[in-house]
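**Q**
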Amino acid sequence: TRNPSVVVRLLRADTVWRDNDLVHVGRGEIWTALKGKWDYALHYQIQLTLQSHNALSVTVSFEAEWQDSVHGNWNRTRGQAEFHFDDERQITTFESSDSHSPITTTERRLRIRPVVSNL
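This is the structure in structure tokens:
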């Protein structure tokens with residue numbers, strides 16, 4: 003979801019969220035950071051690949067494509083993220099390291115796929 007209100011419900015009140023060199027602590031700071039990110043990054047599409055997991059952590063690699071809301075340029079972001087959980091399955095820490103590169107619309111690989119229903 004791109005709804006920060008939904009995401010922060012998964013967090014412990016004192017969650018530490020590291021996104022490259024930015025650090026946010028607590029639901030309020032994280033909500034503000036996610037809202038700003040998703041307001042800026044339009045048409046955000048992400049593909050996740052599970053790298054490892056255990057009862058209290060998950061590591062994924064990811065590739066995302068998005069259009070910036072200021073200039074309309076397309077970008078690709080690649081990186082890795084780790085989620086750590088407490089015994090109640092709330093996120094205690096999130097750590098992400100990624101890099102961005104500009105792309106053209108013809109270089110896009112991730113597209114919104116329509117939901118097909120059998121109803």
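Residue 3 is where the sequence shown starts when you use my numbering, and the numbers rise one by one after that.
For every residue, glycine included, the Cβ atom is placed at its ideal position computed from N, Cα and C.
Remember, it's a predicted structure, so these values are computed and weren't measured experimentally.
Expressed to the nearest angstrom, what Euclidean distance is found between the alpha-carbon atoms of Pro6 and Arg14?
**A** Computed Cα separation, rounded: 14 Å.
**Q** Using a threshold of 8 Å, state whether the C-beta atoms of Ser59 and Glu84 are closer than that.
**A** In this structure, Glu84 lies closer than 8 Å to Ser59 by Cβ.
**Q** Closest to Val72 by C-alpha separation, out of Arg113, Thr17, Tyr42 and Ile32, would be which residue?
**A** Val72 has its Cα closest to that of Tyr42, out of Arg113, Thr17, Tyr42 and Ile32.
**Q** Compare the Cα-Cα distances from Thr95 to each of Thr3, Gly28 and Arg4 and report the closest residue.
**A** Thr95 has its Cα closest to that of Gly28, out of Thr3, Gly28 and Arg4.
**Q** With DSSP as the reference, label Val9 as helix, strand or coil.
**A** Note: Val9 maps to helix in three-state DSSP.
**Q** Once you ignore the five residues that flank Leu36 on each side, which residues in its own chain have a CB closer than 7 Å to its CB?
**A** These residues qualify, in order along the chain: Pro6 and Val9.
**Q** Give the C-beta separation of Ser99 and Gly74 to the nearest angstrom, bearing in mind that I take them to be a contact with Cβ-Cβ under 8 Å.
**A** Not confirmed; about 27 Å, so no contact.
**Q** Is the CB-CB distance between Trp76 and Thr107 below 8 Å?
**A** In this structure, Thr107 lies closer than 8 Å to Trp76 by Cβ.
**Q** Would the beta-carbon of Glu65 fall within 8 Å of that of Arg110?
**A** No, they are not a contact pair.
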